[in-house]
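Structure first, then comments.
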Amino acid sequence: MKRRTFLLAGSALLVLSACSRKPETGPVPIRWDQETCARCGMAISDRHYAAEVRGGPEADRTRVWKFDDIGCALLWLDEQPWKADPRVEIWVADHRTGDWLDARKAWYVTGQHSPMGFGLGAQSEPAPGALDFAKARLHVYAVERREHRHRGHAPMEH
Numbered sequence: 009m010k011r012r013t014f015l016l017a018g019s020a021l022l023v024l025s026a027c028s029r030k031p032e033t034g035p036v037p038i039r040w041d042q043e044t045c046a047r048c049g050m051a052i053s054d055r056h057y058a059a060e061v062r063g064g065p066e067a068d069r070t071r072v073w074k075f076d077d078i079g080c081a082l083l084w085l086d087e088q089p090w091k092a093d094p095r096v097e098i099w100v101a102d103h104r105t106g107d108w109l110d111a112r113k114a115w116y117v118t119g120q121h122s123p124m125g126f127g128l129g130a131q132s133e134p135a136p137g138a139l140d141f142a143k144a145r146l147h148v149y150a151v152e153r154r155e156h157r158h159r160g161h162a163p164m165e166h
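Add 8 to a position in the sequence shown, counting from 1, and you land on the number used in the working numbering.
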């Protein structure tokens, strides 16, 4: 009887530890209106423009940073020494559905009312005038230089 109890307890412990493990890849849930942007400190409230970066230095590769706007995510990532690591993941919310998309594969429409004014909305398919990831990055840097200089963030040189 003791052996059976021990085996059941051991099995339960294994199941619980497997369930409590954090995923090592992909986006994670955001606690809306409770978590703040890693760059600007604003509450992350709009499910249609949020972004996440997963990666980091050697000892902390699976850490996730959360952002209120893809612009904040890209500018923040550009300041990290590990930004070029190919294992870094960038996730962005679809501006129509809130579903997570791989930011490098997404298309970006301009003219959106995004939280930090970068004006980009991500979607999974191309649209007339939509920007690919490389052009979206350039758009973010241009907006940062033109519009956000007064917010205390240094303009990016690219």
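Glycine residues also receive a C-beta, built at the ideal position from the N, C-alpha and C atoms. All figures in this text were calculated on a predicted structure; none of them were measured in a lab.
For residue i, which option in the options has the closest C-alpha, if you only look at C-alpha atoms?
i	options	result
residue 106	36, 32, 31	36
residue 83	94, 139, 45	45
residue 59	128, 150, 146, 143	128
residue 33	56, 99, 42	99
residue 112	65, 47, 97	97
residue 63	57, 90, 131, 47	90
residue 52	31, 65, 81	81
For residue i versus residue j, is the C-beta spacing smaller than 8 Å?
i	j	result
residue 8	residue 75	Missing from the structure shown is residue 8; the chain here goes from 9 to 166 and no further.
residue 126	residue 77	yes
residue 39	residue 69	no
residue 134	residue 50	no
Measuring straight from C-alpha to C-alpha, what distance separates residue i and residue j?
i	j	result
residue 102	residue 67	31 Å
residue 72	residue 147	24 Å
residue 117	residue 137	7 Å
residue 86	residue 139	19 Å
residue 104	residue 144	18 Å
residue 152	residue 56	21 Å
Would DSSP call residue i helix, strand or coil?
i	result
residue 92	coil
residue 116	strand
residue 72	strand
residue 98	strand
residue 156	coil
Could you tell me whether any non-hydrogen atom of the ligand GDP is closer than 7 Å to the CB of residue i?
i	result
residue 31	By its list of ligands, the structure shown contains no ligand whatsoever, and the ligand GDP lies outside what it can speak to.
Could you please give the first and the last residue of the uninterrupted beta strand (DSSP E) stretch that includes residue i?
i	result
residue 129	129-131
residue 109	108-110
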